[in-house]
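Residue numbers (the numbering used here), protein chains in the order written: chain C, 1 to 641; chain D, 642 to 1041.
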């Protein structure tokens, strides 16, 4: 039972003059109420155990026995229990001391009146000699916490969009209605919010809402449930709550429905936002991830203004997900822009640009290949610019293969191996029209093959100078690579390292790939994000183009790379940005700010080339401490539409 | 909160909040914040103490700034009551402020130590119930030794004369000035001599508080149990200020805190941070707090109690006001971290802490401060230098 801190001025000297007994915590003699050494209270209150205070093992009414099952988090001078009857109906039992010294019943009635159908009316009341018992029948609906915890047993078996419809959407609707009525809760406890199959929400523990017209309010003392309470509920961000604290709560439910992970304690902090949900499950639609991340931003000003705005964004995102899933092959109009810059600050101490780009697009066939590569600065054998150049050269080779149909046979089927140009023996010129295999696995294989070839090329370049000595290979030049293989409205994406691919749509930005660095790896392994981001060399790459092992004789052998790959169906209005980390690292003072600026920069640009230029300027304005490269692909409906 | 006022001492009220209000056995070592608020519990019954104050200038002020400062002092003099005494010290024998202002030029002290010593002498003779305050305007960087200044300040402290520092120049050594002012709960007003209006406003505001003081030399004494490992002490209100890092010896369990004078409606608030180790379930007394006056016995005494539980639901309770206060003073602490890192030549730490500071301003939704701190960080990254003027600018942003 929670109790408010009390002032206790009781003297340390025992009135009965009894001999000092040893402290239970530290063993020092305790002459009075508190240990003079560690402060431990001599007569500590016992936690409630069965028979439960006020009700024993249950409540009897009208010949029906309601049995207490577990205590719930309660209030001063009141106890709450979860109970059920023989038919399996669930109840909340509230036991209030006689006279209701804390006004719990009045406060509940007051909260119920303000909450309307969000609160549950009491079913019946009983009076005992020293207490009043209020019993409320609960609907057949699990709480948000129960529902999302259940998913964790087998997260991969549940579709993220289904979970969003089941848990996040009803909450967004209910809170939007609450805000519409001019009230807000300032956050809620997911264990106390029940959602039934029809999408109706109930608050098991009525909580008096604040009036929006009164403005932000100090939250005072309250429960801040891990992973669901906004930073301002903890007293951060100025220490006042408003409707945005509710947005955070709904956003957290949306986030956990997408990520299917246990709640993060970090959600109450302001240092970093929650990790991208697709880090845990690849099937997370980027639009929904963007909505979840904006709603759970640590800074209230970056969140949606209220649940109505969140609901609107969620509806648009769900429509977009449905449209993406239903879309067939369709050629879209494409606008391409790119920039490559050394970075104003980086250029002062490192004259070589280690980023590289490759772009190719055949408008008639709507096939294109776009690659951004960022060379790693520190290496003993070779340099970053050579490594990223290897990626570019192999991208060129891949494009040549695509143009000459090396990856498809005469019927448009897939080829197991790339055809050599010499195999065209009838003397006719090669068909210059780019063609891609139909199967997605084959397309992904092409991108993997390109990265492996770049890896092998790096190995060839350093093999001669690399000494043969025992131990793991170190100090070899390396590069990141992000690639987009476009075929009409279908894009096959591959990434290795920490360069980015962003999808910008409907005023939201979402990173599509995962950074292959130590911090991300640790988060995936279950370490708390703040811990993972704080370890030494948290940004060190764990995967890149430039991975080798040694054979028995100490010679370098390229290892097959493991890029992340995914397929995206693009819609008119989508913009893809492929860029090195020089842009998100410098465009804003944190990642979230940088993404907001990227979004704004691209949105305001009249075309993709201007957008790319704006991104380069943004990164340089923010310091330009790293090389900058980006490709902007803006998709629109063809003019005929 | 309990208040137990001795018969002849002005009554004080002290309230405290701890965050988290209930600790968890599962999370030892998490930071605990104790927010202490001191109030004048006498309401209108207690008389206002007569004020004796002196003003000193260290370094000359010329031109428009000088004339505007003179006007500000004249206005301050006019606003004083009949029991108030104001003097000008430094640059010659002490004289009444009114006489000094009548002269063509205002003499200034050659050094801060000289100003402090003169001030101590000038304010030595005063009624027992009067409050004494020396206001020093520092107009430039200090060139004298810290030892001299601190010795002179100790003399003032012995005579129960508080120090306030006004109109600090952008290049002033704020670390030292803050230390001086903190001897007796004083203020350092970060206004530039180039902004005489702001200087006059600060002077007027501070004198208004000093003239309304009922309780003099209020002091808090916290007797900590061995469980509580204190870390840092801040003043949260009226203006955020990092007071000191607490490094207590193994047998030293008492923290003393000078609150200074307390006026009606004043509620100075302090924040003590610390950690608690793994411990048994139950309730603990973390500290015993006594509020009183230097010369009198305690007039308020409270126990700071804190629970420890295994129940995660109970341990999830937060006291938002404490966390909000912590956040308010965090920026001030980080500026001092920047200054320390720069003095130690640790550029990486300077850059990282400046990053945190920018983030802090963003969290507090202070866009102008974000822009200024980000620009300052950029300048540091490019030049590798951070002047005292820039550090003081950061301090002003953090306390703003």
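In this text, a Cβ means the ideal position worked out from N, Cα and C, and glycines have one as well.
Name the two residues that bound the continuous alpha helix (DSSP H) containing residue i.
i: residue 632 of chain C; result: No alpha helix (DSSP H) contains residue 632 of chain C, which is instead part of the beta strand (DSSP E) from 628-636.
i: residue 1021 of chain D; result: 1008-1024
i: residue 386 of chain C; result: 384-403
i: residue 983 of chain D; result: 961-984
i: residue 234 of chain C; result: Counting along the chain, residue 234 of chain C falls outside any alpha helix (DSSP H), and DSSP gives it neither H nor E.
i: residue 135 of chain C; result: It is not in any alpha helix (DSSP H) - residue 135 of chain C instead sits in the beta strand (DSSP E) that spans 131-137.
i: residue 92 of chain C; result: Residue 92 of chain C -> not in any alpha helix (DSSP H); beta strand (DSSP E) instead, spanning 90-97.
i: residue 148 of chain C; result: 144-151
i: residue 170 of chain C; result: 169-180
Is it right to say residue i is buried, meaning 16 or more other beta carbons lie within 10 angstroms of its own, or is it exposed?
i: residue 616 of chain C; result: buried
i: residue 1129 of chain D; result: The first residue shown for chain D is 642 and the last is 1041, placing residue 1129 of chain D beyond what the model contains.
i: residue 515 of chain C; result: buried
i: residue 526 of chain C; result: exposed
i: residue 628 of chain C; result: buried
i: residue 378 of chain C; result: exposed
i: residue 895 of chain D; result: exposed
i: residue 205 of chain C; result: buried
i: residue 623 of chain C; result: buried
i: residue 1030 of chain D; result: exposed
i: residue 979 of chain D; result: buried
i: residue 1023 of chain D; result: exposed
i: residue 919 of chain D; result: exposed
Three-state secondary structure (DSSP) at residue i?
i: residue 746 of chain D; result: coil
i: residue 549 of chain C; result: strand
i: residue 458 of chain C; result: helix
i: residue 422 of chain C; result: Here the model assigns residue 422 of chain C a pLDDT of 42, short of 50, so the residue's position is not dependable and the matter cannot be decided.
i: residue 866 of chain D; result: coil
i: residue 583 of chain C; result: coil
i: residue 883 of chain D; result: strand
i: residue 117 of chain C; result: helix
i: residue 468 of chain C; result: coil
i: residue 1033 of chain D; result: helix
i: residue 534 of chain C; result: helix
i: residue 280 of chain C; result: coil
i: residue 320 of chain C; result: helix
i: residue 621 of chain C; result: helix
i: residue 205 of chain C; result: coil
i: residue 767 of chain D; result: coil
i: residue 945 of chain D; result: strand
i: residue 157 of chain C; result: helix
i: residue 719 of chain D; result: helix
Starting from the beta carbon of residue i, find every residue of chain C whose beta carbon is closer than 8 Å, and list them in chain order.
i: residue 608 of chain D; result: What is shown of chain D runs 642 to 1041, which leaves residue 608 of chain D out entirely.
i: residue 909 of chain D; result: Under the 8 Å cutoff, chain C gives no residues; its nearest Cβ is about 18 Å from residue 909 of chain D.
i: residue 675 of chain D; result: Ordered by position in chain C, no residue passes the 8 Å Cβ test against residue 675 of chain D, which lies about 11 Å from the chain.
i: residue 680 of chain D; result: The contacting residues do not exist; residue 680 of chain D stays about 15 Å from chain C at best.
Following the continuous beta strand (DSSP E) through residue i, name the residue where it begins and the one where it ends.
i: residue 681 of chain D; result: 672-681
i: residue 660 of chain D; result: 653-660
i: residue 244 of chain C; result: Taken as a continuous stretch (DSSP letters only), residue 244 of chain C belongs to no beta strand (DSSP E), being part of the alpha helix (DSSP H) at 243-259.
i: residue 286 of chain C; result: Residue 286 of chain C -> not in any beta strand (DSSP E); alpha helix (DSSP H) instead, spanning 286-295.
i: residue 511 of chain C; result: 508-511
i: residue 693 of chain D; result: 692-699
i: residue 776 of chain D; result: 772-779
Which residues of chain D have a Cβ atom closer than 8 Å to the Cβ of residue i, listed in chain order?
i: residue 234 of chain C; result: 959, 961, 964
In chain C, what lies closer than 7 Å to residue i by C-beta?
i: residue 927 of chain D; result: 39
i: residue 666 of chain D; result: Under the 7 Å cutoff, chain C gives no residues; its nearest Cβ is about 12 Å from residue 666 of chain D.
Report the neighbours of residue i on chain D: residues whose CB is nearer than 9 Å to its CB, in chain order.
i: residue 25 of chain C; result: 868, 920, 921, 923, 925
i: residue 196 of chain C; result: Going along chain D, no residue has its Cβ under 9 Å from residue 196 of chain C, so there is no contact; the nearest lies around 24 Å.
Could you name the residues of chain C that residue i contacts, counting a contact when the two beta carbons are closer than 9 Å?
i: residue 1000 of chain D; result: 270, 271, 589, 590
i: residue 855 of chain D; result: Result: empty, since nearest Cβ-Cβ is about 24 Å, beyond 9 Å.
task = Would you list, in sequence order, the uninterrupted beta strand (DSSP E) runs of no fewer than 3 residues that lie entirely inside the segment 554-619 of chain C?
result = Complete beta strand (DSSP E) runs here, min 3: 556-558, 564-569, 575-579.
request  = Only counting runs of 4 or more residues, tell me where the alpha helix (DSSP H) segments fall wholly within the segment 783-833 of chain D, in order along the chain.
outcome  = You should have 787-799, 815-823.
message = List, from N- to C-terminal side, the beta strand (DSSP E) runs of 3 residues or more that fit wholly inside the segment 471-528 of chain C.
response = Correct list: 479-487, 490-496, 500-505, 508-511.
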